[in-house]
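K.L.:
These protein sequences, in sequence, are chains A and B. Using our numbering, you'd call the opening residue of the first sequence number 1 and step up by one each time. Using our numbering, you'd call the opening residue of the second sequence number 1 and step up by one each time.
2 protein chains.
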Amino acid sequence: MKMQERLELAARAATAMLSTDAAIKNAALERISHALESDRASIFDANLKDIETARAEGLAAPLLKRLAFNEKKLAEVRSGISDLIAMPNPVGRVLEARLLDEGLELRRISCPIGLIAMIFESRPDALVQMASLGVKSGNAIVLKGGSEARESNAALANLIANAGEEAGLPQHWLTLLETREEIGELLKYDQFVDLVIPRGSKEFVARIKATSRIPVLGHSDGVCHVYVHEDADPAMATSIVLDSKTQYPATCNAAEVLLVNAQFAARGLVSLLRALSAAGVVLDVCPRTAEILRGANNQGAPAVPCTLKTDDDWSVEYLDFRMAVKFVDSLDEAIAHINRYGSGHTDSIVCESREVARRFLNEVDSSSVYHNASTRFADGYRYGLGAEVGIATGKLHARGPMGLQGLLTYKWLLEGQGHIVDDYATGKKHFIHKDLPLNDALAGDLVSED
Amino acid sequence: MKMQERLELAARAATAMLSTDAAIKNAALERISHALESDRASIFDANLKDIETARAEGLAAPLLKRLAFNEKKLAEVRSGISDLIAMPNPVGRVLEARLLDEGLELRRISCPIGLIAMIFESRPDALVQMASLGVKSGNAIVLKGGSEARESNAALANLIANAGEEAGLPQHWLTLLETREEIGELLKYDQFVDLVIPRGSKEFVARIKATSRIPVLGHSDGVCHVYVHEDADPAMATSIVLDSKTQYPATCNAAEVLLVNAQFAARGLVSLLRALSAAGVVLDVCPRTAEILRGANNQGAPAVPCTLKTDDDWSVEYLDFRMAVKFVDSLDEAIAHINRYGSGHTDSIVCESREVARRFLNEVDSSSVYHNASTRFADGYRYGLGAEVGIATGKLHARGPMGLQGLLTYKWLLEGQGHIVDDYATGKKHFIHKDLPLNDALAGDLVSED
Numbered sequence: 001m002k003m004q005e006r007l008e009l010a011a012r013a014a015t016a017m018l019s020t021d022a023a024i025k026n027a028a029l030e031r032i033s034h035a036l037e038s039d040r041a042s043i044f045d046a047n048l049k050d051i052e053t054a055r056a057e058g059l060a061a062p063l064l065k066r067l068a069f070n071e072k073k074l075a076e077v078r079s080g081i082s083d084l085i086a087m088p089n090p091v092g093r094v095l096e097a098r099l100l101d102e103g104l105e106l107r108r109i110s111c112p113i114g115l116i117a118m119i120f121e122s123r124p125d126a127l128v129q130m131a132s133l134g135v136k137s138g139n140a141i142v143l144k145g146g147s148e149a150r151e152s153n154a155a156l157a158n159l160i161a162n163a164g165e166e167a168g169l170p171q172h173w174l175t176l177l178e179t180r181e182e183i184g185e186l187l188k189y190d191q192f193v194d195l196v197i198p199r200g201s202k203e204f205v206a207r208i209k210a211t212s213r214i215p216v217l218g219h220s221d222g223v224c225h226v227y228v229h230e231d232a233d234p235a236m237a238t239s240i241v242l243d244s245k246t247q248y249p250a251t252c253n254a255a256e257v258l259l260v261n262a263q264f265a266a267r268g269l270v271s272l273l274r275a276l277s278a279a280g281v282v283l284d285v286c287p288r289t290a291e292i293l294r295g296a297n298n299q300g301a302p303a304v305p306c307t308l309k310t311d312d313d314w315s316v317e318y319l320d321f322r323m324a325v326k327f328v329d330s331l332d333e334a335i336a337h338i339n340r341y342g343s344g345h346t347d348s349i350v351c352e353s354r355e356v357a358r359r360f361l362n363e364v365d366s367s368s369v370y371h372n373a374s375t376r377f378a379d380g381y382r383y384g385l386g387a388e389v390g391i392a393t394g395k396l397h398a399r400g401p402m403g404l405q406g407l408l409t410y411k412w413l414l415e416g417q418g419h420i421v422d423d424y425a426t427g428k429k430h431f432i433h434k435d436l437p438l439n440d441a442l443a444g445d446l447v448s449e450d
Numbered sequence: 001m002k003m004q005e006r007l008e009l010a011a012r013a014a015t016a017m018l019s020t021d022a023a024i025k026n027a028a029l030e031r032i033s034h035a036l037e038s039d040r041a042s043i044f045d046a047n048l049k050d051i052e053t054a055r056a057e058g059l060a061a062p063l064l065k066r067l068a069f070n071e072k073k074l075a076e077v078r079s080g081i082s083d084l085i086a087m088p089n090p091v092g093r094v095l096e097a098r099l100l101d102e103g104l105e106l107r108r109i110s111c112p113i114g115l116i117a118m119i120f121e122s123r124p125d126a127l128v129q130m131a132s133l134g135v136k137s138g139n140a141i142v143l144k145g146g147s148e149a150r151e152s153n154a155a156l157a158n159l160i161a162n163a164g165e166e167a168g169l170p171q172h173w174l175t176l177l178e179t180r181e182e183i184g185e186l187l188k189y190d191q192f193v194d195l196v197i198p199r200g201s202k203e204f205v206a207r208i209k210a211t212s213r214i215p216v217l218g219h220s221d222g223v224c225h226v227y228v229h230e231d232a233d234p235a236m237a238t239s240i241v242l243d244s245k246t247q248y249p250a251t252c253n254a255a256e257v258l259l260v261n262a263q264f265a266a267r268g269l270v271s272l273l274r275a276l277s278a279a280g281v282v283l284d285v286c287p288r289t290a291e292i293l294r295g296a297n298n299q300g301a302p303a304v305p306c307t308l309k310t311d312d313d314w315s316v317e318y319l320d321f322r323m324a325v326k327f328v329d330s331l332d333e334a335i336a337h338i339n340r341y342g343s344g345h346t347d348s349i350v351c352e353s354r355e356v357a358r359r360f361l362n363e364v365d366s367s368s369v370y371h372n373a374s375t376r377f378a379d380g381y382r383y384g385l386g387a388e389v390g391i392a393t394g395k396l397h398a399r400g401p402m403g404l405q406g407l408l409t410y411k412w413l414l415e416g417q418g419h420i421v422d423d424y425a426t427g428k429k430h431f432i433h434k435d436l437p438l439n440d441a442l443a444g445d446l447v448s449e450d
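(1) Rounded to the nearest angstrom, what separates B:K428 and B:C252 at their Cα positions?
(2) Taking the C-alpha atoms as reference points, what is the distance between B:E118 and B:W173?
(3) Can you name, in chain order, every residue of its own chain whose Cβ lies under 6 Å from the Cβ of A:W412, other than the five neighbours on each side?
(4) Is the beta carbon of B:G390 less than 8 Å from the beta carbon of B:R213?
(5) Starting from A:H225, trace the beta strand (DSSP E) both ways and give me its first and last residue.
(6) For A:I501 and A:A126, what's the separation of their Cα atoms in angstroms?
(7) Using only CA atoms, which one of A:T409, A:G416 and A:Y424 lies nearest to A:L195?
(8) If we count Cβ pairs, one from each stretch, closer than 8 Å, do we get three or more for the segment 221-234 of chain B versus the segment 136-148 of chain B?
(9) Return the residue from the list A:S132, A:S19 and A:L7 that minimises the CA-CA distance to B:D365.
(10) For A:I412, list the residues DSSP reports as bridge partners.
(11) How would you call B:K2, buried or exposed, if buried means at least 16 neighbouring beta carbons within 10 angstroms?
(12) So what does DSSP say about A:E8, is it helix, strand or coil?
(13) B:G380 versus chain A: which residues are under 9 Å apart at the beta carbon?
(14) Comparing the C-beta of B:L436 with each C-beta of chain A, is any distance below 8 Å?
(15) In chain B, which residues lie less than 9 Å from A:I240 when you measure between Cβ atoms?
(16) Can you tell me whether B:Q417 is helix, strand or coil according to DSSP?
(17) Below 8 Å on C-beta distance, what does B:Y410 contact in chain A?
(18) When DSSP labels each residue in this structure, what does A:E317 get in the three-state scheme?
(19) Just by C-beta distance, which residues in the segment 208-241 of chain B are closer than 7 Å to chain A?
(20) Is the CB-CB distance between B:S315 and B:T393 below 8 Å?
(21) Do you know how far the Cα of A:A23 is from the Cα of B:P234?
(22) Going by DSSP in three states, A:D329 sits in which element: helix, strand or coil?
(23) Taking C-beta to C-beta, are B:V91 and B:G138 nearer than 8 Å?
(24) Looking only at its own chain, which residues have a Cβ that is under 6 Å from the Cβ of A:R288, when we skip the five neighbours before and after it?
(25) Please say whether A:C306 and A:A324 have beta carbons closer to each other than 8 Å?
(26) Under 8 Å, with one C-beta from each stretch per pair, do the segment 65-80 of chain A and the segment 163-183 of chain A reach the 3-pair mark?
(27) Would you mind giving the Cβ-Cβ distance between A:I160 and A:A131, rounded to the nearest angstrom? I have them listed as a contact below 8 Å.
(28) Could you name each continuous alpha helix (DSSP H) segment of 4 residues or more that falls completely within the segment 233-293 of chain B, going from the start of the chain to the end?
(29) For chain B, check one thing: does any of its Cβ atoms lie closer than 8 Å to the Cβ of A:I32?
(30) Going by C-alpha to C-alpha distance, which of A:R6, A:T15, A:L7 and A:Q4 sits closest to B:R340?
(31) Do B:P124 and B:N26 have their C-beta atoms closer together than 8 Å?
(32) Alpha carbons only, please: which of B:E256, B:L273, B:S277 and B:E415 is nearest the one belonging to B:R376?
(33) Assign A:D50 to buried or exposed, taking buried as 16 or more other Cβ atoms, counted over all protein chains shown, within 10 Å of its Cβ.
(34) Any beta carbon of chain A sitting closer than 8 Å to that of B:I391?
(35) Could you tell me whether the Cβ of B:H371 comes closer than 8 Å to any Cβ of chain A?
(36) With three or more C-beta pairs closer than 8 Å as the rule, is the segment 259-269 of chain B touching the segment 230-244 of chain B?
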């Protein structure tokens, strides 16, 4: 089938999803979970094929590990599906309600976005997660996984699509793309696809953002900062910086830049940097940091191994055991630095003063801003969003970790009794504009079939 | 000053607005209102120059009327500013709050988008409205008004920018562009401008959407429908269709297409179309409607003057006393027609059955969907949003009339006591994920200076 035809059918499924009852969506999730369990053997077989091919092609061990879909992964995705089933229906929630005049009620309610294309990396368990989020949020989904997981993805998508249809979801609610070329084709059809959520390398996401006419949510960079203020507790600062940098350096929420207030330096800089170095972190330090490390006499070997950072590029995303370190003289300088060089992902301050924290949280213009906590918390699961489809660093629609809510939009509902505008234009009637209590029951009523 | 330099200063002002207290924003609005009152003479003078030029150039009477900024308009915009001052601070509202673990609190709070470019038509009062919405929502603003209102816009923008600065807003919080060429230049600077809200002709908005790398909110088309179901009350149907079409046909929320259920035809179609015709509406009717109008014998002059619509283009936006009329055989057909040919703006059903209305409201995929009310209600003021910066027909971020909320985004705040991820990764600690009560007081605290 041609791409246009496939996306046309998928878009039609998205419309049909609008009239699909929440009970059917949950039944579909049940059935998908059951099918994953009963067809485990064929999924594991397909996954083994992928792993053998990848091994033969010399894929690195960490990537091989990500590729595996085994009993443990199966149990995890099934537990994720159970969590989703238990969550309240996110569609049809009343977000705002107002009585405009007697008998004229306005409501803003949540509703699915439509057809969402999700492009993700090699982990086959991500496919299950994204398809399940699609079902719960009432969106039709186009998926494209990593090519290393081709066999696993095909087996999983086929099984999930069928189980969903058997439970009453519309035909073509789930479409799987199999080649990278198809992504380029897909991006042309903005009349069918409402949103693209890409995950992958910085270059890959940036290219999609640059070429797509379809709205894109996600992030290409994760240049996260930890700023240690002058009044920071040195032990807490060390613990947070270590965790932010080394707990999993390859992820987008790992810290790349340490900003240190000059007043803190005397109190705890050397021991902080020593701890990082001991954990295997290579330090790219600014001249003033280097000076401190060489001691007051500015001679001899530095107290901690480091390389002098002489360029002015403070937007490097190392994704590795490497960290840039920079002196700042004030909270203002730290905020300005982050707003200038950061990527709007996640930035944290370590300090004791509530007032200093408040200013940082308020003025740093990033999607997640923290006080006395590790940047590694920026994650949909840790935020309690149920699951995560991505992290959005743009300022519109969704910001930060996106869960179910990131897959929904809203519409305005107006219910009258024959109301016409002319009565208000001529002054015969006047608006009341009284806010109504938000009554979720009514919204549930709206989407129910009976 | 060059465009790049101007936008760089404006973007810096947007950052400074993040630390501007709500009290200062309200004081700025007070001062702006006061300045408009005390400098009225110079504003009226500038406006008279525009009107004289426009008259000399032969501008049509309705456009001349829109261009006027007189005592009445002044009173209106000042009353709008008073309304804004009285509204609660929309920045820093807690939208979601969750206890992740003991001492680790997550909040999602509303915050300004940053630097917003608003491009609007000739009405100079729109400039005052948009600048005021910018102040209250904490965004820095770039404005470009219609060229017919050049003198009025320059006088108003100058006065408003100065009054705002005097009250404590950052320098360059308001930038006025004066030529159309500057818009093209502005659209290149996606590193400075966060959002463009264009208003104007369909072609103008479509061109901006096609060429900008900056997110654009707004609409180019307003192909609105009224669907009259078989059980509709004929008198109510006539009143709503008349108001939707004729109350102000040049606006985007005027109805362009009337869909009539075949079962309704015998009960009230002729009298409904006769009322439209009597109001001066030219009817472009489908063959089945024409048949009804010519009577059972299918001969002689139609009961109501009409032209036979033979093409299949149901997406025409007349913006005039002209309406397309089409038979449909079912609710499903009406919904499918609207979803296919509509523009996602505003669509209304007239019917008695709650269940039929529910299906229409649920399955029509437009930003505003109505039951027994005129499409002309789609308007920020009528919705009680305080004022309107535009109507968004996209599905992301803002939909339908956009007021203050459309000018805000949110960020996630996480406040811990030294929390690190490793404790959770190793199972030493476990997330609680308990939803907290939404406490607006805390958010107010966040943005306050003391």
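Even for Gly, the Cβ is constructed at its ideal location relative to N, Cα and C.
P.N.:
Taking the definition as stated:
(1) Along the second sequence, one-based indexing puts residue 428 of chain B at 428. Along the second sequence, one-based indexing puts residue 252 of chain B at 252. Going by the C-alpha atoms only, they are around 59 Å apart.
(2) Within the second sequence, the letter at position 118 stands for residue 118 of chain B. Within the second sequence, the letter at position 173 stands for residue 173 of chain B. Just to set this straight, residue 118 of chain B is Met in the shown sequence, not Glu. Approximately 13 Å, taken between the alpha carbons.
(3) Start at 1 with the first residue of the first sequence, and residue 412 of chain A comes out as number 412. If we look at A:W412 and ignore the five residues flanking it on each side, its Cβ neighbours are R108.
(4) The sequence position of residue 390 of chain B within the second sequence is 390, counting from 1. The sequence position of residue 213 of chain B within the second sequence is 213, counting from 1. No, they are not a contact pair.
(5) Counting from 1 along the first sequence, the entry for residue 225 of chain A is found at position 225. Taken as a continuous stretch (DSSP letters only), the beta strand (DSSP E) holding A:H225 covers C224 to V228.
(6) Lying outside 1 to 450, the shown extent of chain A, residue 501 of chain A is not represented and no answer is given.
(7) Here residue 195 of chain A refers to the residue found at position 195 when the first sequence is read from its first residue. If we check each option's Cα against that of A:L195, A:T409 comes out closest.
(8) no
(9) Stepping through the second sequence from its first residue, residue 365 of chain B is reached at position 365. Closest by alpha carbon: A:S19.
(10) Taking the first sequence and counting its residues from 1, one reaches residue 412 of chain A at position 412. In the sequence as presented, Ile is not what sits at residue 412 of chain A; that position holds Trp. According to DSSP, A:W412 bridges with A:R108 and B:S368.
(11) Sequence index remark: in the second sequence, residue 2 of chain B carries index 2 (1-based). It is exposed - the Cβ of B:K2 has fewer than 16 other Cβ atoms within 10 Å.
(12) Residue mapping note: residue 8 of chain A aligns to position 8 of the first sequence, counting from 1. If DSSP states are grouped into helix, strand and coil, A:E8 belongs with the helices.
(13) What you label residue 380 of chain B is simply residue 380 of the second sequence in a count that begins at 1. Those do not exist, as B:G380 stays about 11 Å from chain A at its closest Cβ, beyond 9 Å.
(14) Against the second sequence, residue 436 of chain B aligns to sequence position 436. It does not: the Cβ of B:L436 has no partner Cβ on chain A nearer than 8 Å.
(15) Here residue 240 of chain A refers to the residue found at position 240 when the first sequence is read from its first residue. Going along chain B in sequence order, the residues near A:I240 (Cβ under 9 Å) are G416, G418, H419 and I420.
(16) On the second sequence, position 417 is the one that residue 417 of chain B refers to. Looking at B:Q417 - three-state DSSP - the assignment turns out to be strand.
(17) Here residue 410 of chain B refers to the residue found at position 410 of the second sequence. Within 8 Å Cβ-Cβ: R399.
(18) As a first step, residue 317 of chain A is located in the first sequence; it is residue number 317 there, counting from the start. Looking at A:E317 - three-state DSSP - the assignment turns out to be coil, as it is neither helix nor strand.
(19) P215, M236, S239 and I240
(20) Position 315 of the second sequence holds residue 315 of chain B. Position 393 of the second sequence holds residue 393 of chain B. Not a contact, by the Cβ cut-off of 8 Å.
(21) The residue given as residue 234 of chain B occupies position 234 in the second sequence. The residue given as residue 23 of chain A occupies position 23 in the first sequence. Each residue's Cα considered, the two are about 37 Å apart.
(22) Position 329 of the first sequence, counted from the start, is the residue given in the question as residue 329 of chain A. Of the three classes helix, strand and coil, the one that applies to A:D329 here is coil, per DSSP.
(23) One-based indexing of the second sequence puts residue 91 of chain B at position 91. One-based indexing of the second sequence puts residue 138 of chain B at position 138. The answer is yes: Cβ separation under 8 Å.
(24) Numbered from its first residue, the first sequence carries residue 288 of chain A at position 288. Same-chain partners within the cutoff: F327.
(25) Working through the first sequence from its first residue, we reach residue 324 of chain A at position 324. Working through the first sequence from its first residue, we reach residue 306 of chain A at position 306. Not a contact, by the Cβ cut-off of 8 Å.
(26) no
(27) Indexing the first sequence from 1 puts residue 160 of chain A at position 160. Indexing the first sequence from 1 puts residue 131 of chain A at position 131. Indeed they touch by this definition, with Cβ atoms about 5 Å apart.
(28) 234-246, 270-278 and 287-293
(29) Position 32 of the first sequence, counted from the first residue, corresponds to residue 32 of chain A. Not one chain B Cβ lies under 8 Å of A:I32.
(30) For the purposes of this step, residue 340 of chain B is taken as residue 340 along the second sequence, with counting starting at 1. Of A:R6, A:T15, A:L7 and A:Q4, the residue nearest in Cα terms is A:T15.
(31) Reading the second sequence from its first residue, position 124 is the one you call residue 124 of chain B. Reading the second sequence from its first residue, position 26 is the one you call residue 26 of chain B. Contact flag unset, no.
(32) Mapped onto the second sequence, residue 376 of chain B falls at position 376. Closest option to B:R376, Cα to Cα, is B:E256.
(33) As a first step, residue 50 of chain A must be located in the first sequence, where it is residue number 50. A:D50 should be labelled buried.
(34) If you number the second sequence from 1, residue 391 of chain B lands on position 391. No, because no Cβ of chain A sits closer than 8 Å to the Cβ of B:I391.
(35) Residue numbering aside, residue 371 of chain B sits at position 371 when the second sequence is read from its first letter. Chain A contact via Cβ: present.
(36) yes
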